[in-house]
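Start counting the sequence shown at 288; every next residue gets the next number (the working numbering). Ideal Cβ positions, reconstructed from N, Cα and C, are used throughout, including at glycine. Presented below is the structure to which this report refers.
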Amino acid sequence: METKYRALRTIGTIFKVLGWVILILGILSACGASASMLLGGATYMGLGGPGGGGDAGLVYGLIFGVVVFIVMIVTVGLYALILIAASEGIQVFLDIEENTREMAGRLAQRGAAAPPPPASR
288 METKYRALRT IGTIFKVLGW VILILGILSA CGASASMLLG GATYMGLGGP
338 GGGGDAGLVY GLIFGVVVFI VMIVTVGLYA LILIAASEGI QVFLDIEENT
388 REMAGRLAQR GAAAPPPPAS R
């Protein structure tokens, strides 16, 4: 059977690949951003002057690093989910079209123009 709608199949594949690439790069970026905040907070540790400071830089770096990590993971996950879902949606429409065309061909081979109406009660 011939393959129809090659452009839609290509777009669906591109969406799926982009979704996975964005997910992988987003996870790596979230890890890098949270690590840089943690290390940046550790750099400023003890710079509070004579009245305080202490480990505040490390604690704030840890807190902000975790918050940034969670926000980035959720955001990137949603973007990847949207792209992969769009790809799957395109694939579902293409499968429905292919199945409908195949069924119409089978009915035409049998000589039936349309399926019989349902029996009334």
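Per the contact definition of three or more C-beta pairs closer than 8 Å, is the stretch 354-367 in contact with the stretch 382-398?
No, because fewer than three Cβ pairs between the stretch 382-398 and the stretch 354-367 fall closer than 8 Å, the two stretches do not touch.
Distance, ALA294 Cα to SER323 Cα:
The straight-line gap from Cα to Cα measures roughly 42 Å.
In chain order, what residues of the same chain lie with their CB nearer than 7 Å to the CB of GLY299, ignoring the 5 residues before and after it?
If you ignore the 5 residues before and after GLY299, its C-beta comes within less than 7 Å of the C-beta of SER374, ILE377 and GLN378, all in its own chain and listed in chain order.
Counting only the same chain and skipping the five closest in sequence on each side, list residues whose C-beta sits under 8 Å from that of TRP307.
The beta carbon of TRP307 is closer than 8 Å to those of ALA367 and ILE371 in its chain, skipping five residues each way along the sequence.
Mapping DSSP to helix, strand and coil, what is GLU289?
If DSSP states are grouped into helix, strand and coil, GLU289 belongs with coil.
When you compare only the Cα positions, how much space is there between GLN396 and PHE380?
GLN396 and PHE380: Cα-Cα distance of roughly 25 Å.
What separation, rounded to the nearest whole angstrom, lies between the Cα atoms of LYS319 and VAL353?
Reading off the sequence, residue 319 comes out as Gly, not Lys. The C-alpha of GLY319 lies about 11 Å from the C-alpha of VAL353.
Do you know offhand how far ILE369's Cα is from SER407's?
Spanning the two alpha carbons is a distance of roughly 44 Å.
Considering only the alpha carbon of each residue, which of ARG393, PRO404 and GLY364 lies closest to LEU315?
Nearest option by C-alpha distance: GLY364.
Do you know how far the Cα of THR297 is from the Cα of GLU389?
If you take the alpha carbons of GLU389 and THR297, they lie about 22 Å apart.
For ALA317, count neighbouring Cβ atoms within 10 angstroms of its own Cβ and tell me buried if that reaches 16, exposed if not.
Around the beta-carbon of ALA317, 16 or more other beta-carbon atoms lie within 10 Å, marking it buried.
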